[in-house]
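Presented below is the structure to which this report refers.
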DNA sequence: GTGCGTGCAAATTCTTTGCAATGCA
DNA sequence: TGCATTGCAAAGAATTTGCACGCAC
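Residue numbers (my numbering), protein chains in the order written: chain A, 1 to 144; chain B, 1001 to 1144.
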């Protein structure tokens, strides 16, 4: 389960980062998003709550949030700079190819795959980046 | 095993695409790369063989090669538009976190993971994008 | 009060597009 | 020869940076 807005705010405090109106708006925008969001999307959404918000600040805030682990970057075939609220644990994202909604799953047992890949390639695998896509339940249901 | 330059050229012909000096240079540059390459890197490398090559052409050619399946896009934490010669079969890339070299592995059994993810999230998973990183044998050996 | 954080505007970087000229099939 | 492909230059989009001011702590 992704961190909610309060938890992210808390994480900011823990790091000694200040909570400004702008950051609050950005956090709310991202935490309330049902799918991954690009900096521009965050800008639009957060601006509703904080009209004097600047795009620069959005970039800086997303960067900061991502550094403290509150957000996670996701990559897709098209968009390459999108963010998603990160879960507390190591996890992967599942993106709906229809509506773009994103969920996380943490129950990943990649051990066997990692071992197999290591054996086949000779590399010493230390990290894996996995992203799944498919249809979310809602889209699957409404799809004929 | 990735396609070599000749195979890519062949793939071009099959699609009715013309083989120009520029495309030849781009193909050679990508096929000869030991790691993933960005459009700019391709431009630099290919320019050595074809000085009149334009950057525009590099973008268009990479796009075309990617469309016919000769190249594969890879994403990293930092760079987001990099290409790698694609193998003939479904495969994944393993990137060395030290030297950036890339290999493919095709022996991927993601079935169990995909099923588990589907059960946990309720999504109907149709695709997976996996990228591993670690140390290649050479870097692991020279690392103290 | 002290800086961290901000907005603005300009600079930079990356990518795409229009169009006439070129050269592959 | 015909038409896909190219290069150039300019447009466009996305992101970063410099700097003085304002506000959270």
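Glycine included, every Cβ here is placed at the ideal spot set by N, Cα and C.
Bear in mind that the values here come from a model prediction, so they are computed numbers and not experimental data.
At a cut-off of 8 Å between C-beta atoms, residue 125 of chain A counts as an interface residue with respect to chain B. Between the C-alpha atoms of residue 73 of chain A and residue 81 of chain A there is a straight-line separation of about 7 Å. For the C-beta of residue 1122 of chain B, the chain A residues within less than 7 Å are, from N- to C-terminus, 137.
Taking a Cβ-Cβ cut-off of 7 Å, the neighbours of residue 1131 of chain B in chain A comprise 129, given in sequence order. Pairwise C-beta distances place the segment 1023-1031 of chain B in contact with the segment 1059-1067 of chain B, as three or more of them are shorter than 8 Å. Relative to the Cα of residue 114 of chain A, the nearest Cα in the group B:1134, B:1116 and B:1120 belongs to B:1134. For residue 114 of chain A, the closest Cβ of chain B is nearer than 8 Å. For residue 1038 of chain B, there is no enclosing beta strand (DSSP E), as DSSP gives it neither H nor E. The C-beta of residue 1132 of chain B has 16 or more other C-beta atoms within 10 Å across all chains shown, which makes the residue buried. Going by beta carbons, residue 1101 of chain B and residue 1050 of chain B fall outside the 8 Å limit. Chain-ordered, the chain A residues with CB closer than 8 Å to the CB of residue 1134 of chain B read 118, 123, 124, 125, 126 and 127. Proximity to residue 1071 of chain B across B:1141, B:1096 and B:1004 peaks at B:1004, based on C-alpha coordinates.
Linking residue 32 of chain A to residue 142 of chain A through their CA atoms gives a straight-line distance of about 23 Å.
DSSP, read as helix, strand or coil, puts residue 132 of chain A in strand. Taking residue 121 of chain A as reference, the option from B:1111, B:1138 and B:1105 with the minimal CA-CA separation is B:1105. Counting along the chain, residue 1104 of chain B sits inside the beta strand (DSSP E) bounded by residues 1102-1105. Separation of residue 126 of chain A and residue 1044 of chain B (C-alpha to C-alpha, rounded to the nearest whole angstrom) is 31 Å.
Chain order gives the chain A residues near residue 1094 of chain B as 117, 121, 123 and 125, where near means a beta carbon separation below 8 Å. Neighbours of residue 141 of chain A in chain B, taken as residues whose beta carbon is under 7 Å from its own, are absent, since the nearest beta carbon is some 10 Å off. Around the beta carbon of residue 138 of chain A, fewer than 16 other beta carbons lie within 10 angstroms, which makes this residue exposed.
Sequence-distant partners of residue 39 of chain A (beyond 5 residues in either direction) whose C-beta falls short of 7 Å from its own C-beta, in its chain, are 58, 59, 62 and 81. In the DSSP assignment, the residues bridged to residue 1092 of chain B are B:1105. Here the alpha carbons of residue 124 of chain A and residue 1042 of chain B stand approximately 28 Å from one another. The beta carbon of residue 110 of chain A sits closer than 8 Å to those of 128 and 130, all from its chain and outside the five residues before and after it, given in chain order.
When Cβ-Cβ separations below 8 Å define contact, residue 1105 of chain B makes contact with chain A. Taking 8 Å as the CB threshold, residue 1108 of chain B lines the interface with chain A. Look at residue 126 of chain A here: in three-state DSSP terms it is strand.
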